[in-house]
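Undergrad:
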Amino acid sequence: MYQYDPATIERKWQEYWETSKAHAVEPLGTSGRPTYYALEMFPYPSGDVHMGHVRNYTIGDVISRFKHMQGHNVLHPIGWDSFGLPAENAAIKQGTSPAAWTYANIERQRASLKALGFSYDWDRTVVASDVEYYRWGQWIFLKLWKQGLVERKTSPVNWCPSCATVLANEQVIDGSCWRCKSPVTRKELEQWYFKITDYAQELLDDLDKLPGWPERVKQMQANWIGRSSGAEVDFVLCDKDGAPTDETITVFTTRPDTLFGCTFFLLAPEHPLVERLITGSENEQELRAVVAEAQAVSAVERSKGERPKTGAFTGRFVVNPINGDKVPLWIADYVLMDYGTGAVMAVPSGDERDFEFARAYGLPVVPVVVPDDALGDVSGDAHGAEPIDACGGAWDGALWSAAYAGDGVMVQSGAFTGMRGGKDSEGARAVVAELERSGTGREAVNFRLRDWLISRQRYWGNPIPAVYCDHCGIVPVHEADLPVVLPLDVDVTKGDSLANTPSFYETACPTCGAAAHRETDTMDTFTCSSWYYLRYTDPHNAELPFERETADAWMPVDQYIGGIEHAILHLLYSRFFTKALRDIGLVGFDEPFKNLLTQGMVKLNGETMSKSKGNTVAPEDAIADFGADALRAYILFMAPPDKDLEWSQGGLEGVARFLARVWRTVFDLMAEDVVDDEGNVLNVFDESLGEKDAAERGAGLNRELHRVIGKVTSDIERFNFNTAISAIMELLNTTSAYLKLPLVLRDGELTERAAEVFVLLLAPFAPHFAEELWHEVLGRTSCGSVHEQPWPGFDPEQARAKTVEMAVQLNGKVRTRIVVESDATEEAVRSLALDALGDAVADKPIKKLVVVPGKLVSVVV
RNA sequence: GCCCGAGUGGCGGAAUGGCAGACGCGGAGGUCUCAAAAACCUUUGUCCUUUGGACGUGUGGGUUCAACUCCCACCUCGGGCACCA
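Position 573, counted from 1, in the first sequence is what the numbering used here calls 630; the numbers after and before it change by one each time, with no gaps.
#1: Helix or strand or just coil, what does DSSP make of Val348?
#2: Could you compute how far the alpha carbon of Thr564 sits from the alpha carbon of Leu316?
#3: Measure the alpha-carbon distance for Arg308 versus Phe504 and round it to whole angstroms.
#4: In its own chain, which residues sit with a C-beta less than 7 Å from the C-beta of Gly433, not counting the 5 before and 5 after it?
#5: State the start and end residues of the unbroken beta strand (DSSP E) segment that holds Pro533.
#6: Going by DSSP, what residue range makes up the alpha helix (DSSP H) through Thr27?
#7: Please confirm whether Ala823 and Ala717 have their CB atoms less than 7 Å apart.
#8: Over what stretch of residues does the alpha helix (DSSP H) that includes Cys585 continue unbroken?
#9: Identify whether Asp438 lies in helix, strand or coil by the three-state DSSP scheme.
#10: Helix, strand or coil: how does DSSP classify Thr722 here?
#11: Mind checking which residues open and close the alpha helix (DSSP H) that includes Thr808?
#12: Put Ile197 into one of helix, strand or coil per three-state DSSP.
#13: Starting from Thr310, follow its DSSP beta bridges and name the residues at the other end.
#14: Who are the Cβ neighbours of Lys901 in its own chain at under 6 Å, not counting the five residues just before and after it?
#15: Taking DSSP as the reference, what is the three-state secondary structure of Pro444?
#16: Secondary structure at Asn503, three-state DSSP: helix, strand or coil?
#17: Within a Cβ cutoff of 8 Å, which residues of the same chain sit near Asp750, ignoring the five residues on either side of it in sequence?
#18: Which of helix, strand or coil does DSSP assign to Phe328?
#19: With a threshold of 8 Å, are at least 3 pairs of Cβ atoms found where one atom belongs to the stretch 118-135 and the other to the stretch 168-179?
#20: Can you give me the start and stop residues for the alpha helix (DSSP H) that Gln248 sits inside?
#21: Considering Phe473, what are the terminal residues of the beta strand (DSSP E) in which it resides?
#22: Once you ignore the five residues that flank Ala221 on each side, which residues in its own chain have a CB closer than 7 Å to its CB?
#23: When the Cα of Val541 is compared with those of Tyr190, Glu622, Ser495, which residue comes out closest?
#24: May I ask you to report which of helix, strand or coil DSSP gives Asn672?
#25: How many angstroms separate the CA atom of Phe374 from the CA atom of Ile388?
#26: According to DSSP, which residues form a beta bridge with Cys526?
#27: In chain order, what residues of the same chain lie with their CB nearer than 8 Å to the CB of Asp429, ignoring the 5 residues before and after it?
#28: Suppose you measure from the CA of Gly205 to the CA of Ala279; what does that come to, to the nearest Å?
#29: Can you give me the start and stop residues for the alpha helix (DSSP H) that Phe374 sits inside?
#30: Which residue wins for smallest C-alpha separation from Ile163, given the options Val769, Ala624, Asp187, Asp553?
#31: Apart from the five residues on each side of it in sequence, which residues of its chain come closer than 6 Å, Cβ to Cβ, to Thr635?
#32: Would you be able to state if there are at least three C-beta pairs under 8 Å between the stretch 715-732 and the stretch 742-760?
#33: For Asp686 and Thr115, I'd like the C-alpha separation in whole angstroms.
#34: The beta strand (DSSP E) that contains Ser879, what's its start and end?
#35: Go ahead and pull the three-state DSSP assignment for Met108.
#36: Have a look at Val223 and Pro240 and give me their C-alpha separation to the nearest angstrom.
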């Protein structure tokens, strides 16, 4: 034998796979193989490949190789999400250009990914910043525009001062920028939006079509979409003298059943009516102070919540349509302009926040929905009683020291008194019906989801294909004039931008031909990642982003793998793109990713590995020390893929040791001497073993081969890679016992079969290792690559042992054990068990006896 | 506050309701060696110890012949959302 030297064999087989294009996708329709699309989230080329990448791509590679061996035509592509701000920052810092920095990193990462032996079809690589790719992003933008899904609007937006650009709602985490963590400020700006809210309901409903997604990701998306059902209610605004006008203010509420308890009415400080209402009002100063203070509060502060509620009375009243009551109109800082209508009907008895506000400003509290068990405490006139003040009413004191927001009985609610109250209750429906009858309200649904702000005031991104013309306004670039090429001679280190690059900025109006200028905003990088999985299916298409027929054949992605950090962002945007493209007629499916696996993080001493913390382990170092195959197998063995993984150098060494043991064992199985570095023979035979031992151990090994093939197969299918590798380790232990047999007693057919099974089962995990043994030790070169072999089959019958040991329980405790034929009848097992228990059950009546075949016998006396 | 997820040896982790702790790391002992490394073998949940026994999966209850697993209540940790009307 020769020694296992990962460095040599890994280089050798990587070159072989590269030159033979071993991982090229089979053109569609050339064989009967069913398609399988395995996809990992493409990396941002921020620097070197890190352990998180290794984990992500190893999982995908094992699935791909396994599916390929099972007979699928597998699409397993890679690319780079290469537009984005870090390139600009790095370029400025290092005095280079974003493009140079980006493409240098891509080459570094490409080399690292190749060093890990991933089975990508490298001819299908998609790079987001290549004009061949981003031109189609512009093309899709124009299609979305035509479809009415692109909108320019002015509204308060999130502005990151550090990144000097606006951000989408999804990109603000706890009031700070998702990328640089700087606090985000609010700015009123005109920006480009994708109307993702048009799909809010479908994005929510179709989560049910995704049984292959983790429950928590679906939950997070549902929370983010935030659907609330209730009603819109119109309140008539009164003039300064308290007389009704023809102007109404509409509110959204989830609790129309509490309308009788509305004792005041609130507007957000940013509400468009506010300026008009407060100008010239009696306490204008106070009102302006509330508005000014609300503006000054940062998003970070606001996101922490728990701020004391402040507000001021406008001097105006509005009319409650259900009972004609005039209630005071206040401005309050806790009302959000960007949810509902920016106006709220305040019901302090039923809403904690309104209650707190009412107590702070001495506003009345009128109970209208009370808990069932509270009714008994109330004197007989509760039903139909006049509205009562907080301080004088039957429920004040103990009960109404806080709001009650739960379900209950409606009281003091006119004709509705006595009905069930609560969210979507009988009472709520009845009130809405009454409002609809009088034309003052209607059923309504509200979403938390906001439109996707996609423009960015940055250079290194996909230019938005729009032109500003003094005569025609904002007009789309003609499809025929695409691409709008991002100029590479913009020197960001000198503060240059697209706006001061005349070759880009100055253009002719596509409509009238007059001098005009281009949009200088670029698209959010998340637009690039929203459809790259479609481009992979048809990466070289020069006429279209992809051919529909081809995309439909491969899509949806059978298995998508990536980090949980994209649970909302990328995964929601991609789902939106797919639905929008479907409605435009470009694809024929509803959801992009059929199954999703969110892999856990790689941690060191309990902390996420990160360059800024300086607690990383470089994949190159691990490869140099133990080889890519050991690193791959280790990272799968250490933890289930969806759990966080705590890095352990000892664990890596253990897996490397395991591979080396398999290496020696395969030589041993092929009847070669096992030698160490110095050529000393290491084989140890147990000369005391005879023919009987050989037969027994042979049967045991054969059984173990069948069992382990079955176990590894089902474990990979369920992504239990850690237990799949454990099972191969168990097979190794059984094999070692067999190899104690002197050579003359070994069964040559059996040992060769065992060698073959080791190599085939390890092929997805340790591809170079398996390939080397397949060719050089098993001598199977004539059969082709190990990765082209069919996945080994097994016989469940042969995996079963002839005899099994069963536990015998007496009154719930294991008392003894019996060995029985595995096909023994229940009757036989029963009497054997009773015999084994002997005196303990001899003369006692048996209350119950349960036989679990192959496992145990439970006796109760 | 609301919604998820997780609590098992010294550590990472295994267990379709059926013998808890597979497999690996770490530890202990041994073989080989002048010695070491490597490799190989044995052992390793805790406690009492006697061949054996008792206790053990965050806590307290429950269902069951049988519960890490199912049900109820709670504790701790991690994550998401959050003045969302």
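Think of the CB as a built atom: it goes at the ideal place given N, C-alpha and C, for glycine as much as any other residue.
Computed from a prediction, not measured in an experiment: that's the story for all the values here.
TA: The relevant details are as follows:
#1: For this step, residue 348 is matched to residue 291 along the first sequence. Here Val348 sits in helix by DSSP.
#2: For the purposes of this step, residue 564 is taken as residue 507 along the first sequence, with counting starting at 1. For the purposes of this step, residue 316 is taken as residue 259 along the first sequence, with counting starting at 1. Taking the Cα positions, Thr564 is about 57 Å away from Leu316.
#3: Counting from one through the first sequence, the residue named residue 308 turns up at place 251. Counting from one through the first sequence, the residue named residue 504 turns up at place 447. Reading the sequence as shown, one finds Val at residue 308 and not Arg. Taking C-alpha positions only, Val308 is separated from Phe504 by approximately 14 Å.
#4: Reading the first sequence from its first residue, position 376 is the one you call residue 433. Bear in mind that a pLDDT of 45 at Gly433, under 50, signals an unreliable position, so the number given afterwards is only what the model happens to contain. Around Gly433, the same chain offers no residue with a beta carbon nearer than 7 Å, after the five sequence neighbours per side are excluded.
#5: In the first sequence, the residue the question calls residue 533 occupies position 476. Its beta strand (DSSP E) spans residues 530-533.
#6: Summary: the structure shown does not reach residue 27, with the chain confined to residues 58 through 918, and so no result is reported for it.
#7: Walking along the first sequence from the start, residue 823 turns up at place 766. Walking along the first sequence from the start, residue 717 turns up at place 660. No. Outside cutoff.
#8: Sequence index remark: in the first sequence, residue 585 carries index 528 (1-based). Start and end: 582-585.
#9: For the purposes of this step, residue 438 is taken as residue 381 along the first sequence, with counting starting at 1. Any reading at Asp438 needs caution, since the residue's pLDDT is 36, under 50, leaving its predicted position unreliable; the model's value is listed next. DSSP places Asp438 in coil when its eight states are reduced to three.
#10: As a working mapping, residue 722 is identified with position 665 in the first sequence. Correct three-state label for Thr722: helix.
#11: Within the first sequence, the letter at position 751 stands for residue 808. Where Thr808 is concerned, the enclosing alpha helix (DSSP H) stretches over 805-819.
#12: Within the first sequence, residue 197 is the residue found at index 140, counting from 1. If DSSP states are grouped into helix, strand and coil, Ile197 belongs with the helices.
#13: Along the first sequence, read from residue 1 onward, the residue named residue 310 stands at position 253. According to DSSP, Thr310 bridges with Ala288.
#14: Start at 1 with the first residue of the first sequence, and residue 901 comes out as number 844. These residues qualify, in order along the chain: Val918.
#15: In the first sequence, residue 444 corresponds to position 387, counting from 1. Model confidence at Pro444 stands at a pLDDT of 41, short of 50, so the residue's coordinates are unreliable and nothing is read from them.
#16: Looking up residue 503 in the first sequence gives position 446. Strand at Asn503.
#17: One-based indexing of the first sequence puts residue 750 at position 693. Only Leu798, Leu802 meet the Cβ criterion.
#18: On the first sequence, residue 328 is found 271 positions in, with the first residue counted as 1. This sequence places His at residue 328; Phe is not what is there. In this structure, His328 counts as coil in the three-state DSSP scheme.
#19: Because the criterion of three Cβ pairs below 8 Å is met, the stretch 118-135 and the stretch 168-179 touch.
#20: As a first step, residue 248 must be located in the first sequence, where it is residue number 191. Not the alpha helix (DSSP H): Gln248 falls in the beta strand (DSSP E), residues 242-251.
#21: For the purposes of this step, residue 473 is taken as the residue at position 416 of the first sequence. For Phe473, there is no enclosing beta strand (DSSP E), since its DSSP letter is neither H nor E.
#22: Here residue 221 refers to the residue found at position 164 of the first sequence. Gln514, listed in sequence order.
#23: Mapped onto the first sequence, residue 541 falls at position 484. Ranking the options by Cα distance to Val541, first place goes to Tyr190.
#24: The residue given as residue 672 occupies position 615 in the first sequence. The answer is coil: DSSP assigns Asn672 none of H, G, I, E or B.
#25: As a first step, residue 374 must be located in the first sequence, where it is residue number 317. As a first step, residue 388 must be located in the first sequence, where it is residue number 331. Approximately 12 Å between the Cα atoms of the pair.
#26: Translated into positions along the first sequence, residue 526 becomes position 469. Listed as beta-bridge partners of Cys526 by DSSP are Gly530.
#27: To locate residue 429, count along the first sequence from 1; it is residue 372. If we look at Asp429 and ignore the five residues flanking it on each side, its Cβ neighbours are Gly465, Val466.
#28: Counted from its first residue, the first sequence places residue 205 at position 148. Counted from its first residue, the first sequence places residue 279 at position 222. Cα to Cα, the separation comes out at about 25 Å.
#29: Taking the first sequence and counting its residues from 1, one reaches residue 374 at position 317. Taken as a continuous stretch (DSSP letters only), Phe374 belongs to no alpha helix (DSSP H), being part of the beta strand (DSSP E) at 368-376.
#30: Counting from one through the first sequence, the residue named residue 163 turns up at place 106. Answer by Cα proximity: Asp187.
#31: What you label residue 635 is simply residue 578 of the first sequence in a count that begins at 1. For Thr635, where only same-chain residues beyond five positions count, the Cβ hits under 6 Å are Pro649.
#32: Contact fails: fewer than three Cβ-Cβ distances are below 8 Å.
#33: Counted from its first residue, the first sequence places residue 686 at position 629. Counted from its first residue, the first sequence places residue 115 at position 58. Rounded to the nearest whole angstrom, the CA to CA distance from Asp686 to Thr115 is 10 Å.
#34: As a working note, residue 879 is residue 822 in the first sequence. Element bounds for Ser879: n/a, residue is neither H nor E.
#35: For the purposes of this step, residue 108 is taken as residue 51 along the first sequence, with counting starting at 1. In this structure, DSSP gives Met108 a helical state, which the three-state scheme calls helix.
#36: If you number the first sequence from 1, residue 223 lands on position 166. If you number the first sequence from 1, residue 240 lands on position 183. Cα to Cα, Val223 sits roughly 12 Å from Pro240.
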